[in-house]
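*Asks:*
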Amino acid sequence: WAVAATLQLGLWAWARRVGNWAWVDVGWAASFAAGVAAWIAWRGAAPWPLAALVVAWSLRLAIYLARDRVIGHPEEGRYVELRRRWGRGGDGARAFFVFYQAQALLAAVLAVAIVVPFVAAPLGDRGALRWVGLALGGGGLVMEVVADAQLAAWKRVAAHRGRVCDVGLWRWSRHPNYFGEWCVWLGYATYALAYPWGAIAFVGPAIILASIWKVTGIPATEAQALRSRGDAYRRYQATTSAFVPWPPRRAPGVEVP
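Quick note: the sequence shown uses this note's numbering, first residue -1, plus one each step.
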């Protein structure tokens, strides 16, 4: 929590200076790599395979968000709206300070999925769980990278403007990047099962899954897709799994409200 709070404090000051509050997302993603680095600097040791997976996932996501959504881009609409609601004639800096620190606290809560192997000795008869956890997490990370690359390539084609990306992983799931993200967290928790009290690690993937299904993930993303793509996205919804990759269904006719 202390590492995440310090990182978000610095990013809050930077975001205020450059006029883009979306830096909070970059800070949230980078908090986990920063936490691992701080632990290694302090203790000089770590469960190295898990530490490498966490750092790779964390930095990949932070760099992706910074490059594709923040640096050189206008402030995201949700932060423009928050600025309007919280600004009261200013930039809403005080409210955003609380918001940034709330994200630091959330990172600390989610780190329950990661921290157990760093502080406990492994149980001698559960080594296979660590391999399963690494496979799940590594597979999820690869899925995220591939899904983001496929979507970016699709968007670069001018003829695809206004259409729905339904190629590659996106033909099998409407949100393969979200599924990959959940697999990463499930991998962290499975790895932790090889340690005493490891079951507590499933708090992390449970929160992530709830957020994807009910809060900031699928509902908000699909609402925006319906607004921008209309009937084309309704047809996509009728044929393609929302989350878990699955062969597409046939839909000869879709009733559009």
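Even glycine gets a Cβ: it sits at the ideal position worked out from N, Cα and C.
Whole-angstrom Cβ separation of residue 44 and residue 34, contact assumed at under 8 Å?
*Replies:* Their Cβ separation, rounded to whole angstroms, is 7 Å, which keeps residue 44 and residue 34 in contact under 8 Å.
*Asks:* Closest by CA to residue 231, which one among 164, 50 and 8?
*Replies:* Ranking the options by Cα distance to residue 231, first place goes to 164.
*Asks:* Excluding the 5 residues flanking residue 116 on each side, which residues of the same chain have their C-beta closer than 7 Å to its C-beta?
*Replies:* Taken in chain order, the residues that qualify are 37, 44 and 45.
*Asks:* Below 6 Å CB to CB, which residues in the same chain sit around residue 23 once its five sequence neighbours on both sides are set aside?
*Replies:* Cβ neighbours of residue 23 beyond the five flanking positions: 63.
*Asks:* If you draw a straight line from the alpha carbon of residue 81 to that of residue 98, how long is it in whole angstroms?
*Replies:* Going from the Cα of residue 81 to the Cα of residue 98 covers about 13 Å.
*Asks:* Taking the alpha helix (DSSP H) that residue 123 belongs to, which residues open and close that run?
*Replies:* Here residue 123 belongs to no alpha helix (DSSP H), and DSSP marks it neither H nor E.
*Asks:* So, are the CB atoms of residue 114 and residue 205 less than 9 Å apart?
*Replies:* No; because the gap between Cβ atoms is not below 9 Å, this pair is not in contact.
*Asks:* Just confirm the distance between the C-beta atoms of residue 142 and residue 178, as a whole number of angstroms; I'd bet it's less than 8 Å.
*Replies:* Going by Cβ atoms, the distance from residue 142 to residue 178 rounds to 4 Å, so yes, they are a contact pair.
*Asks:* Grab me the residues of residue 245's own chain with a C-beta within less than 6 Å of its C-beta, minus the 5 sequence neighbours each way, in chain order.
*Replies:* Closer than 6 Å at Cβ, skipping near neighbours: no residue.
*Asks:* Look up residue 242 in the DSSP assignment and say whether it is helix, strand or coil.
*Replies:* Reduced to three states, the DSSP call for residue 242 is coil.
*Asks:* So, for residue 240: in the same chain, excluding its five sequence neighbours on each side, which residues have a beta-carbon less than 6 Å away from its beta-carbon?
*Replies:* Same-chain partners within the cutoff: 172.
*Asks:* Excluding five sequence neighbours on each side, which residues of the same chain lie with their C-beta closer than 7 Å to the C-beta of residue 18?
*Replies:* For residue 18, where only same-chain residues beyond five positions count, the Cβ hits under 7 Å are 68 and 73.
*Asks:* Under a three-way DSSP split, which group does residue 191 fall into?
*Replies:* In this structure, residue 191 counts as coil in the three-state DSSP scheme.
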